[in-house]
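As numbered in my numbering, residues 29 to 616 make up the sequence shown, in order.
Just so you know, even glycine gets a beta-carbon here, dropped at the ideal spot from N, CA and C.
Bear in mind that the values here come from a model prediction, so they are computed numbers and not experimental data.
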Amino acid sequence: MRLSARLSLLIAMASLGPLLLLSLGASRVGSQQMLVQVSEMQASTVDGLALSVDTWLSDRLELLQQELSLFDVESLDPSNQAGFLQLVHRSMPAIHIASLLNTDGVEISPSVVGTADEVVSAARFTRFRQEVSQLEVAPGAVVVGTPYVPEGRRGPVLAVAASTTTGAVLAVELALDEVAARFSDNPAFSTALLNAQGEIVLAQDMTVIRPENFAPFTTVRAAEIRYTISDGTEIIAASAPIPHASLIAVAAAPASAMSLPGSQIQLQTTYFAAVAGLLSVVLGMGFARQISGPIVRLRDAALEVAAGKLGGQVPEMGGDELAELGSSFNLMSTFLAQSAREISAKNDEIEAFNQELQERVEQRTAELKQAQRALVRSEKLAAVGEMGAGLAHELNNPVAGILGMTQLLQARQPDDAMLAAIEREAQRCRDILAHLQRYSDVGDKAMGENWGVVELDVVLSGVLTLVGGPFRQRGIAVHLEPLPKLRTRGDRAALGRAVAQVLTSLRAAGCRGGQLDISPLTRPGSIGLCFVLSGAVIEKSDDWMASGMGLWSARQVLAAHSGELIEASAAVPGTASWLLWLPALSNA
Numbered sequence: 029m030r031l032s033a034r035l036s037l038l039i040a041m042a043s044l045g046p047l048l049l050l051s052l053g054a055s056r057v058g059s060q061q062m063l064v065q066v067s068e069m070q071a072s073t074v075d076g077l078a079l080s081v082d083t084w085l086s087d088r089l090e091l092l093q094q095e096l097s098l099f100d101v102e103s104l105d106p107s108n109q110a111g112f113l114q115l116v117h118r119s120m121p122a123i124h125i126a127s128l129l130n131t132d133g134v135e136i137s138p139s140v141v142g143t144a145d146e147v148v149s150a151a152r153f154t155r156f157r158q159e160v161s162q163l164e165v166a167p168g169a170v171v172v173g174t175p176y177v178p179e180g181r182r183g184p185v186l187a188v189a190a191s192t193t194t195g196a197v198l199a200v201e202l203a204l205d206e207v208a209a210r211f212s213d214n215p216a217f218s219t220a221l222l223n224a225q226g227e228i229v230l231a232q233d234m235t236v237i238r239p240e241n242f243a244p245f246t247t248v249r250a251a252e253i254r255y256t257i258s259d260g261t262e263i264i265a266a267s268a269p270i271p272h273a274s275l276i277a278v279a280a281a282p283a284s285a286m287s288l289p290g291s292q293i294q295l296q297t298t299y300f301a302a303v304a305g306l307l308s309v310v311l312g313m314g315f316a317r318q319i320s321g322p323i324v325r326l327r328d329a330a331l332e333v334a335a336g337k338l339g340g341q342v343p344e345m346g347g348d349e350l351a352e353l354g355s356s357f358n359l360m361s362t363f364l365a366q367s368a369r370e371i372s373a374k375n376d377e378i379e380a381f382n383q384e385l386q387e388r389v390e391q392r393t394a395e396l397k398q399a400q401r402a403l404v405r406s407e408k409l410a411a412v413g414e415m416g417a418g419l420a421h422e423l424n425n426p427v428a429g430i431l432g433m434t435q436l437l438q439a440r441q442p443d444d445a446m447l448a449a450i451e452r453e454a455q456r457c458r459d460i461l462a463h464l465q466r467y468s469d470v471g472d473k474a475m476g477e478n479w480g481v482v483e484l485d486v487v488l489s490g491v492l493t494l495v496g497g498p499f500r501q502r503g504i505a506v507h508l509e510p511l512p513k514l515r516t517r518g519d520r521a522a523l524g525r526a527v528a529q530v531l532t533s534l535r536a537a538g539c540r541g542g543q544l545d546i547s548p549l550t551r552p553g554s555i556g557l558c559f560v561l562s563g564a565v566i567e568k569s570d571d572w573m574a575s576g577m578g579l580w581s582a583r584q585v586l587a588a589h590s591g592e593l594i595e596a597s598a599a600v601p602g603t604a605s606w607l608l609w610l611p612a613l614s615n616a
């Protein structure tokens with residue numbers, strides 16, 4: 029493009045600047061005003077939905093309370109109790125299941141299930157009873173559960189329980205079909221119903237509803253919530269709580285749909301700007317011929333800058349706009365030189381950062397290799413235990429045969445000392461094999477119905493009393509931190525054997541002068557013990573390798589109790605750390 033054409037274009041751009049600013053300002057004001065009005069409409073819509081659902085639900089809860097207060101259901105005979113359930117079931121089309129329960133959750137009268145238009149399956153009724161059992165209903169109160177979609181049904185339902193003053197409970201499954209209809213016929217916004225956890229219960233258009241953005245507003249009204257969905261579309265939404273059911277009503281719409289009038293204003297203004305730009309180009313070409321000389325000098329200086337001669341300057345070209353252009357070029361050239369120096373410095377910083385990152389990667393790789401070695405060592409010990417259990421199963425029959433033949437020979441020669449010794453050693457082998465088989469079967473046993481509460485801290489104290497002597501003989505100090513009550517459910521004797529196996533294996537791994545530290549562990553739903561052995565010689569100790577059966581059998585016992593035994597990564601070389609976890613007693 030020739031210089032005159034470029035100058036004409038610059039003049040056109042300068043003249044179009046104010047018009048473009050006016051266009052942007054007008055479209056911005058129009059968009060903002062429209063956003064305000066639509067946001068107010070959106071907030072009004074979501075308030076109306078929340079009030080409608082809350083009123084619908086409160087009316088039905090009040091009707092249930094009134095029906096329950098009109099009859100002394102516990103004193104009615106069975107036929108009248110059945111009639112009462114039929115009355116409740118027919119009083120509201122939304123009720124698909126009606127049950128009358130006593131204080132222990134047992135049916136007082138057979139439940140009324142299903143409607144003329146909808147059949148309730150056994151799985152759906154079982155889910156309903158599970159939901160009701162989780163509701164804590166005080167005498168004379170009504171409690172609403174969390175909405176859910178039962179098997180075989182597309183729409184969600186609610187479990188509602190109302191209690192009399194004497195403790196009898198009227199439980200119903202309330203279908204939310206009427207509520208769903210109110211959330212599906214809104215053409216202006218995408219509406220949804222969320223529960224207290226921010227999960228979608230009903231949604232007109234799930235593509236514009238992102239539940240996590242509404243979790244902070246479960247109990248308060250939010251007039252304007254902004255977020256962006258996966259395709260980059262900005263969404264503006266409002267929410268309102270529904271107190272009677274701990275639900276949230278949501279209305280949302282793309283921001284682009286709200287700012288459409290502003291875009292139309294901007295389009296029309298752009299059209300007029302294009303016409304004005306064409307006139308500016310025609311007029312600018314007449315003035316371009318008068319200033320081509322100074323511009324050529326600027327061109328030559330720009331070529332020098334492009335060739336790498338940063339910081340080059342042009343001479344002064346008078347006091348008009350061309351002089352200002354020359355000054356601007358000189359300033360630009362100076363800034364380019366400064367920017368080049370800054371870029372060089374930044375490159376040096378990036379190179380240093382890359383070097384540091386490489387060192388961190390190497391350090392992390394070394395840590396992963398160390399963790400892998402610990403995992404391989406743990407798997408080897410488990411394999412030793414499993415192989416011992418298999419050998420016990422295979423050797424049981426030959427040992428039984430040897431013992432039987434020895435006893436037959438003893439019957440013929442009762443005074444033979446050698447036969448007595450063979451019998452004694454064969455009996456000992458059979459006892460050892462039986463012991464190994466008992467451990468190999470631990471993992472297959474189901475939870476015993478007669479298991480009781482076990483205090484793991486008391487079990488540990490008893491086991492330490494038994495194995496403390498061997499630790500002292502080996503020269504290993506045992507340090508036990510104060511333990512809180514660690515309560516679980518299981519077989520006390522089996523858990524005691526498992527703890528003893530862990531301690532015996534750790535004793536085999538230790539060397540004289542070492543120390544075993546035992547401390548309590550807790551996490552949500554679990555209790556445990558941490559064993560840290562300093563002065564360990566795991567890699568070189570034959571006793572440690574032989575103790576693999578003990579650790580394997582301990583894992584089997586803990587697995588039967590829904591627990592686990594984990595070898596933790598050693599924080600200090602020469603130490604061994606093991607974590608023992610068991611389920612915590614729910615009422616502990």
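Buried/exposed call for Ile594, threshold 16 Cβ in 10 Å:
Along the sequence shown, read from residue 1 onward, the residue named residue 594 stands at position 566. It counts as exposed.
May I have the straight-line CA-CA distance separating Ile323 from Ala302, to the nearest angstrom?
As a first step, residue 323 must be located in the sequence shown, where it is residue number 295. As a first step, residue 302 must be located in the sequence shown, where it is residue number 274. Approximately 27 angstroms, taken between the alpha carbons.
Who are the near neighbours of Ser590 in its chain, counting only those whose CB is closer than 7 angstroms to its CB and skipping five residues on each side?
By one-based count along the sequence shown, residue 590 stands at place 562. Correct list, in chain order: Pro611.
Return the chain-ordered list of same chain residues with a C-beta closer than 8 angstroms to the C-beta of Val427, the five sequence neighbours on each side being excluded.
Locating residue 427 in the sequence shown gives position 399, where the first residue counts as 1. Scanning its chain for C-beta atoms nearer than 8 angstroms, with the 5 sequence neighbours on each side dropped, one finds around Val427 the residues Ala454, Cys457, Arg458, Leu461, in chain order.
Go ahead and pull the three-state DSSP assignment for Ala110.
One-based indexing of the sequence shown puts residue 110 at position 82. Ala110 falls in the helix class under three-state DSSP.
Range of the contiguous beta strand (DSSP E) that encloses Ala277
What you label residue 277 is simply residue 249 of the sequence shown in a count that begins at 1. Per DSSP, the unbroken beta strand (DSSP E) holding Ala277 starts and ends at 275-282.
Can you check whether the CB of Val74 is closer than 9 angstroms to the CB of Arg210?
Numbered from its first residue, the sequence shown carries residue 210 at position 182. Numbered from its first residue, the sequence shown carries residue 74 at position 46. Not a contact, by the Cβ cut-off of 9 angstroms.
Taking all protein chains shown into account, do 16 or more other C-beta atoms lie within 10 angstroms of the C-beta of Gln441, making it buried, or fewer, making it exposed?
Indexing the sequence shown from 1 puts residue 441 at position 413. Gln441 comes out exposed.
As a quick exercise: from Arg525, Asn358, Thr143, pick the residue whose alpha carbon is nearest that of Ile123.
Counted from its first residue, the sequence shown places residue 123 at position 95. Closest in alpha carbon position to Ile123, among Arg525, Asn358, Thr143, is Thr143.
Alpha-carbon to alpha-carbon, Trp84 and Val140
Along the sequence shown, read from residue 1 onward, the residue named residue 140 stands at position 112. Along the sequence shown, read from residue 1 onward, the residue named residue 84 stands at position 56. Spanning the two alpha carbons is a distance of roughly 23 angstroms.
Measuring alpha carbon to alpha carbon, tell me which of Ala304, Asp233, Tyr299 ends up nearest Ala279.
Counting from 1 along the sequence shown, the entry for residue 279 is found at position 251. Its Cα nearest to that of Ala279, the residue Asp233 stands out among Ala304, Asp233, Tyr299.
Which residues in the same chain have their Cβ closer than 6 angstroms to the Cβ of Leu508, if we skip the five residues on either side of it in sequence?
Counted from its first residue, the sequence shown places residue 508 at position 480. Setting aside the 5 residues that flank it on each side, Leu508 is surrounded in the same chain by Ile546, each with a C-beta closer than 6 angstroms to its C-beta; the list follows chain order.
In this structure, does DSSP put Trp84 in helix, strand or coil?
Within the sequence shown, residue 84 is the residue found at index 56, counting from 1. Helix, per DSSP.
Excluding five sequence neighbours on each side, which residues of the same chain lie with their C-beta closer than 8 angstroms to the C-beta of Pro271?
For this step, residue 271 is matched to residue 243 along the sequence shown. The beta carbon of Pro271 lies closer than 8 angstroms to those of Asp82 in the same chain, with the five residues before and after it left out.
Helix, strand or coil: which one does DSSP assign to Trp609?
Stepping through the sequence shown from its first residue, residue 609 is reached at position 581. In this structure, DSSP gives Trp609 an extended state, which the three-state scheme calls strand.
Three-pair Cβ contact test at 8 angstroms for the stretch 242-250 versus the stretch 201-210
No, the stretch 242-250 does not touch the stretch 201-210.
How should Asn130 be labelled, buried or exposed, when 16 other C-beta atoms within 10 angstroms of its C-beta is the threshold for buried?
The count along the sequence shown starts at 1 and reaches residue 130 at position 102. So Asn130 counts as exposed.
Of all the options Gln438, Gly432, Phe300, Phe357, which has the alpha carbon lying nearest to the alpha carbon of Asp328?
As a first step, residue 328 is located in the sequence shown; it is residue number 300 there, counting from the start. Selected option, being the one with the closest Cα: Phe357.
Report the three-state DSSP secondary structure of Ser489 (helix, strand or coil).
Here residue 489 refers to the residue found at position 461 of the sequence shown. Reduced to three states, the DSSP call for Ser489 is helix.
Which two residues bound the contiguous beta strand (DSSP E) that contains Ala251?
Numbered from 1 along the sequence shown, position 223 holds the residue referred to as residue 251. Looking at the DSSP string, the run of the beta strand (DSSP E) that includes Ala251 is 250-256.
Run of the alpha helix (DSSP H) containing Leu338, from where it starts to where it stops
In the sequence shown, counting from the first residue as 1, residue 338 sits at position 310. Segment: none, Leu338 is in no alpha helix (DSSP H) and carries neither H nor E.
Please state whether DSSP places Thr603 in a helix, a strand or coil.
Mapped onto the sequence shown, residue 603 falls at position 575. In the structure shown, Thr603 sits in a strand (DSSP, three-state: E or B).
State the start and end residues of the unbroken beta strand (DSSP E) segment that holds Leu534.
Locating residue 534 in the sequence shown gives position 506, where the first residue counts as 1. No beta strand (DSSP E) contains Leu534, which is instead part of the alpha helix (DSSP H) from 520-537.
Please state whether the Cβ-Cβ distance between Leu92 and Val170 is less than 9 angstroms.
Counted from its first residue, the sequence shown places residue 92 at position 64. Counted from its first residue, the sequence shown places residue 170 at position 142. Yes. Within cutoff.
Can you tell me whether Pro215 is buried or exposed? The criterion is at least 16 other CB atoms within 10 Å of its CB, across all chains shown.
Taking the sequence shown and counting its residues from 1, the one referred to as residue 215 is at position 187. Exposed.
One question on the structure: do Ala277 and Leu549 come within less than 9 angstroms of each other, judged by their Cβ atoms?
In the sequence shown, residue 277 corresponds to position 249, counting from 1. In the sequence shown, residue 549 corresponds to position 521, counting from 1. Cβ atoms of Ala277 and Leu549: not closer than 9 angstroms.
From Gly336, Gly354, Glu390, residue whose alpha carbon lies closest to that of Arg369:
In the sequence shown, counting from the first residue as 1, residue 369 sits at position 341. Measuring from the Cα of Arg369, the nearest candidate turns out to be Gly336.
Among Val134, Val560, Met446, which has the Cα closest to the Cα of Ser161?
The residue given as residue 161 occupies position 133 in the sequence shown. Residue Val134 is the option with its Cα nearest to Ser161.
Pick helix, strand or coil for Ile378, following the three-state DSSP scheme.
One-based indexing of the sequence shown puts residue 378 at position 350. Three-state DSSP puts Ile378 in a helix.
What did DSSP end up calling Ile504 once you bin it into helix, strand or coil?
Position 476 of the sequence shown, counted from the start, is the residue given in the question as residue 504. Assigned with DSSP and collapsed to three states, Ile504 falls in coil, not helix or strand.
Using 8 angstroms for Cβ pairs, my map puts Leu488 next to Leu557. What's the rounded Cβ distance?
As a first step, residue 488 must be located in the sequence shown, where it is residue number 460. As a first step, residue 557 must be located in the sequence shown, where it is residue number 529. Contact holds; Cβ gap of about 7 angstroms.
Might you give, ordered along the chain, the residues of its own chain that have their beta carbon closer than 8 angstroms to the beta carbon of Val101, omitting 5 neighbours on each side?
Here residue 101 corresponds to residue number 73 of the sequence shown, with the count starting at 1. Only Gln109, Phe112, Leu128, Ile136, Thr192, Ala196, Leu198 meet the Cβ criterion.
Could you name the residues of the same chain whose beta carbon sits closer than 7 angstroms to that of Gln435, not counting the 5 residues immediately before and after it, in chain order?
Along the sequence shown, read from residue 1 onward, the residue named residue 435 stands at position 407. Contacts found: Glu451.
For Ser562 and Ile378, what's the separation of their Cα atoms in angstroms?
Mapped onto the sequence shown, residue 562 falls at position 534. Mapped onto the sequence shown, residue 378 falls at position 350. C-alpha separation (whole angstroms): 43 angstroms.
With 16 as the cutoff for other CB atoms within 10 Å, does Thr219 come out buried or exposed?
For the purposes of this step, residue 219 is taken as the residue at position 191 of the sequence shown. The residue is buried, with at least 16 neighbouring Cβ atoms inside 10 Å.
What is the DSSP secondary structure of Glu227, counted as helix, strand or coil?
The residue labelled residue 227 in the question sits at position 199 within the sequence shown. Under the three-state reduction of DSSP output, Glu227 falls in the coil class, being neither helix nor strand.
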